[in-house]
Amino acid sequence: MAEGARRHGAGARASHLVNGHLAVHEALEGRLADLTGRPRALLFSTGYMANLGVLQALCDEETRVFQDRLNHASLIDGARLAGARSRRFHHADLADLDRLLERSATGALRLVVSDGVFSMDGDIADIPGLATTARRHGAWLMIDDAHGLGVLGERGDGSVGHTHGMDEVPVLVGTLSKALGTAGAFVAGSEALVEHLVQFARPYIYTTAQPPGVAAATLAALEILPPSRNAAPGCTR
Ligand SMILES: Cc1ncc(COP(=O)(O)O)c(C=O)c1O
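Counting along the sequence shown from 1, when you hit position 14 you're at 13 in numbering that gives the first Met the number 0, and nothing is skipped either side.
Structure follows, in structure tokens:
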């Protein structure tokens with residue numbers, strides 16, 4: 000962290016799109032894309048802002064968002080700020096999600112949103128089940144893996160990572176403030192998704208990039224990310 004600050008300064012001084020996007024941010028985005036097995040990752044200054052940014056950039060008044068009842072507040076707030084219509088399904092209840100999707104057939108975008116690991120209860124979402132249900136109804140799936148990243152998966156790549164590709168989870172959010180011990184967040188996905196966020200996600204566009212020392216510390220944390228010990232059965236409740 001100190002080395003990053005010495006080399007690049009204590010602050011990034013501007014937003015990514017002006018001249019705050021430094022080499023250390025670029026390197027970190029590349030490393031996060033590799034970690035999660037996605038073509039691109041985009042840094043945000045906090046997880047709250049990442050969730051606001053994605054939902055605001057993808058959704059409008061026509062969009063229907065289907066949220067697990069125990070989703071993090073930033074996901075609920077993001078949909079609300081986008082003006083999208085949110086429906087909440089019973090926690091981890093795929094039949095309830097299926098029923099809500101069935102009832103809301105529409106030509107507009109439908110987005111299923113869930114935590115990967117639920118922040119207060121610690122249980123792990125059924126990602127394949129969510130992906131299958133979303134796909135059956137032509138909906139997109141967004142997973143916030145704040146609590147899975149660095150903990151689950153053979154390489155610490157989380158509850159989604161390389162196990163569940165972009166066909167299953169096109170929108171993946173991770174935070175750097177939990178297992179990686181620093182601050183900030185990222186959205187990982189296709190080139191088109193990330194480019195769309197660069198152009199339209201206001202919480203990305205209109206804020207100063209994260210301090211370079213924080214990005215350097217995150218790169219260091221990723222280097223020492225231990226192999227996962229969680230593969231043992233019994234980690235879900
Ligand atoms: C599931 C989840 N998503 C997003 C956030 C927000 O991340 P940040 O603290 O980086 O804003 C948190 C907690 O802080 C969280 O538990």
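The beta carbon of each residue, even a glycine, is placed where N, CA and C say it ideally should be.
Backbone secondary structure at residue i - three-state DSSP
i           : result
residue 141 : strand
residue 73  : helix
residue 198 : helix
residue 41  : strand
residue 33  : helix
residue 160 : coil
residue 87  : strand
residue 5   : helix
residue 192 : helix
residue 208 : coil
residue 233 : Here the model assigns residue 233 a pLDDT of 44, short of 50, so the residue's position is not dependable, and the following value carries that caveat. Three-state DSSP puts residue 233 in coil, outside helix and strand.
residue 132 : helix
residue 54  : helix
residue 108 : coil
residue 150 : coil
residue 124 : coil
residue 182 : coil
residue 11  : coil
Residues near residue i in its chain [Cβ-Cβ closer than 8 Å; skip 5 each side]
i           : result
residue 164 : 36
residue 235 : In this predicted model, residue 235 has a pLDDT of only 47, less than 50, meaning its place in the structure is not dependable; the value taken from the coordinates is given anyway. Closer than 8 Å at Cβ, skipping near neighbours: 122 and 123.
Neighbour-count burial assignment, residue i, 16 or more Cβ in a 10 Å radius
i           : result
residue 123 : buried
residue 181 : buried
residue 48  : buried
residue 205 : exposed
residue 83  : buried
residue 230 : Confidence is the limiting factor: at residue 230 the pLDDT is only 48, short of 50, which leaves the residue's position unreliable, though a coordinate-based value still follows. Exposed is the call here.
Same chain only: Cβ atoms within 7 Å of residue i, ignoring 5 sequence neighbours per side
i           : result
residue 20  : 208
residue 11  : 19, 21, 207, 208, 209, 210 and 211
residue 113 : 67, 70, 124, 129 and 142
residue 89  : 68 and 95
residue 175 : 181, 182, 183, 184 and 217
residue 27  : 42, 214, 217 and 218
Within-8 Å CB hit, residue i to chain B
i           : result
residue 107 : Absence of chain B from the displayed structure is noted, only one protein chain being present.
Cβ neighbours of residue i in the same chain (closer than 6 Å, five flanking residues each side left out)
i           : result
residue 81  : 54, 55 and 58
residue 150 : 178
residue 87  : 66 and 68
residue 77  : 50, 51 and 54
residue 8   : none
residue 120 : none
residue 61  : 107
Nearest neighbour of residue i, chosen from the options [CA to CA]
i           : options               : result
residue 25  : 217, 158 and 156      : 217
residue 147 : 134, 138 and 161      : 161
residue 52  : 60, 61 and 42         : 42
residue 4   : 116, 174, 214 and 223 : 214
residue 137 : 106, 30 and 6         : 106
residue 126 : 166, 33 and 103       : 166
residue 92  : 64, 132 and 203       : 132
residue 135 : 199, 7, 74 and 98     : 98
residue 117 : 30, 2, 111 and 158    : 158
residue 145 : 153, 139 and 171      : 171
residue 187 : 62, 7, 34 and 61      : 34
residue 168 : 193, 191, 195 and 140 : 140
residue 13  : 32, 29, 40 and 44     : 44
residue 222 : 73, 1, 72 and 31      : 31
residue 38  : 220, 189, 104 and 202 : 189
Span of the beta strand (DSSP E) around residue i
i           : result
residue 66  : 63-67
residue 170 : 170-174
Continuous alpha helix (DSSP H) stretch holding residue i: start and end
i           : result
residue 215 : 211-222
residue 96  : 93-102
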